Every structure is written in structure tokens, then in C-alpha cells.
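Right, one structure below, let's go through it.
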Amino acid sequence: MTLLGRLLINRRADEAHAAWNRPNLNGSESLTVTSRQFDDGGSMPLVCCMKTVGGEDKSPHLAWTPPPAGTAELLLVMEDLDVPTPKPVVHCAALLDPAVGQLEPGALNGKHPGSGVRLLRSGIGRGYHGPGPIKGHGPHRYTFQLFALGNPVGGNAERERPRALLSAVTAPVLGRGRLTGVYER
Numbered sequence: 590m591t592l593l594g595r596l597l598i599n600r601r602a603d604e605a606h607a608a609w610n611r612p613n614l615n616g617s618e619s620l621t622v623t624s625r626q627f628d629d630g631g632s633m634p635l636v637c638c639m640k641t642v643g644g645e646d647k648s649p650h651l652a653w654t655p656p657p658a659g660t661a662e663l664l665l666v667m668e669d670l671d672v673p674t675p676k677p678v679v680h681c682a683a684l685l686d687p688a689v690g691q692l693e694p695g696a697l698n699g700k701h702p703g704s705g706v707r708l709l710r711s712g713i714g715r716g717y718h719g720p721g722p723i724k725g726h727g728p729h730r731y732t733f734q735l736f737a738l739g740n741p742v743g744g745n746a747e748r749e750r751p752r753a754l755l756s757a758v759t760a761p762v763l764g765r766g767r768l769t770g771v772y773e774r
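So the sequence shown is numbered by the numbering used here: it starts at 590 and just counts up by one.
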């Protein structure tokens, strides 16, 4: 796999396609997202990585500042910005109750989500799927993007593919914030 990683070293997703850069998800950057397990731009711990790389595939602790008044729902999207595909891969998507101010480790588990967590489809499946980049491809940035929506996401959000869901969000974004973790094999 190291050879494949080296062959694809210059292939990276187009960050312009990240959820953060979608015009319909634009809003003031009024939320601060943090984790007890890693700093913004810091290395993600192995426990948060896929089992295939020796991790436990356990979602990290995440916390954020209170959302703006009028927030109906929070949308959390985790993407790999450095995957060797044209667009970032969504590793996790969830709708959160705005009263929830943090997620404990493992709260994005596909079979047993935490209180106030409604899991959506990702590019890999339902629930959290941690880092597991191609060996030798270099560091990958995993962004946890949190959007405070003025209206709840309607329709069949749980059934939508991630890109279709992100495009369909029409609620005003009252605030947003992000935290980036890095992992390399």
C-alpha cells in the first residue's frame, strides 16, 4: 500500500467541494469547536482511527460554544479533505439537538448514538468512520464542521446521500465552526 500512497501523493480532493465552502452553508464563524483529545491542526489519537489501522473507530470528544439564539438544529459533518478523489469524503454526518453542548467519545457510534444525536448517511455508512488513509499518502486533514441551522432539516434526511443532503440544506446558517485533526500512516 505504501507504493500506492506514493503514486497518489499529489492527488488530493478539491477543498472547494468541502461542506465548509458550500454557499448554502455559509454563515458567521461564531462557533468554536474543540476536543479534549486533540488541538486544532493536531494529530488525532489512534483510538479515533479505523480498526483496519489499529484504532477503535471511536468518535472523539467534541465540544462547542453555545449556538446563536434561534438555532433549530446543528449539522455536524466530518470530511477527509486529502483523500485522492475529486471531492472530500464524508466520514460522518449527524443532526444534533442544539441543547447538546458536547459529544463524549463514542457518541457518534452507528449502533448506539449519544443522546440528542440523529445519525445520517456518510460516504462510508451510517455513524462515525475514523481516519484510515492510504499508507504513504501523507498527512490527511479531517475536519469536524458544525453548522447552526435556523430551521430543521426536512424531508428524509436519514436516507439522503451526503452530497445531496448538503446541497438540499436551505435553512439559514446562523453560525458555524470547525476543528481539524490530522492523521498519517
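By construction, the Cβ of each residue, glycine as well, lies at the ideal position given by its N, Cα and C atoms.
Please read these numbers as outputs of a predicted model, since none were measured by experiment.
Spell out the partners DSSP gives residue 639 in its beta bridges.
As a first step, residue 639 is located in the sequence shown; it is residue number 50 there, counting from the start. For residue 639, no pairing in a beta bridge is given by DSSP.
So does residue 666 have its beta carbon nearer than 7 Å to some heavy atom of the ligand SAH?
Annotation note on the ligand SAH: not contained in the displayed structure, which lists no ligands.
Check residue 668 in the structure and name its three-state DSSP category.
As a position in the sequence shown, residue 668 is number 79, starting the count at 1. Strand.
Within 10 angstroms of its Cβ, does residue 603 collect 16 or more other Cβ (buried), or is it exposed?
Translated into positions along the sequence shown, residue 603 becomes position 14. Counting of Cβ neighbours within 10 angstroms places residue 603 among the exposed residues, the total staying below 16.
Beta-carbon separation of residue 773 and residue 722 under 8 Å?
On the sequence shown, position 184 is the one that residue 773 refers to. On the sequence shown, position 133 is the one that residue 722 refers to. Taking 8 Å as the Cβ cut-off, residue 773 and residue 722 qualify as a contacting pair.
DSSP three-state call for residue 594: helix, strand or coil?
Within the sequence shown, the letter at position 5 stands for residue 594. Unreliable placement is indicated for residue 594, whose pLDDT of 43 sits below 50; the coordinate value is still reported in the next sentence. The answer is helix: DSSP assigns residue 594 an H, G or I state.
According to the neighbour-count rule (16 or more other Cβ atoms, all chains shown, within 10 Å of its Cβ), is residue 734 buried or exposed?
Here residue 734 refers to the residue found at position 145 when the sequence shown is read from its first residue. With 16 or more other Cβ atoms within 10 Å, it is buried.
Just list the residues that DSSP pairs residue 729 with in beta bridges.
Within the sequence shown, the letter at position 140 stands for residue 729. Among the bridge pairs identified by DSSP, residue 729 is matched with 772.
Of all the options 704, 633 and 684, which has the alpha carbon lying nearest to the alpha carbon of residue 649?
As a first step, residue 649 must be located in the sequence shown, where it is residue number 60. That would be 633, whose Cα lies nearest to the Cα of residue 649.
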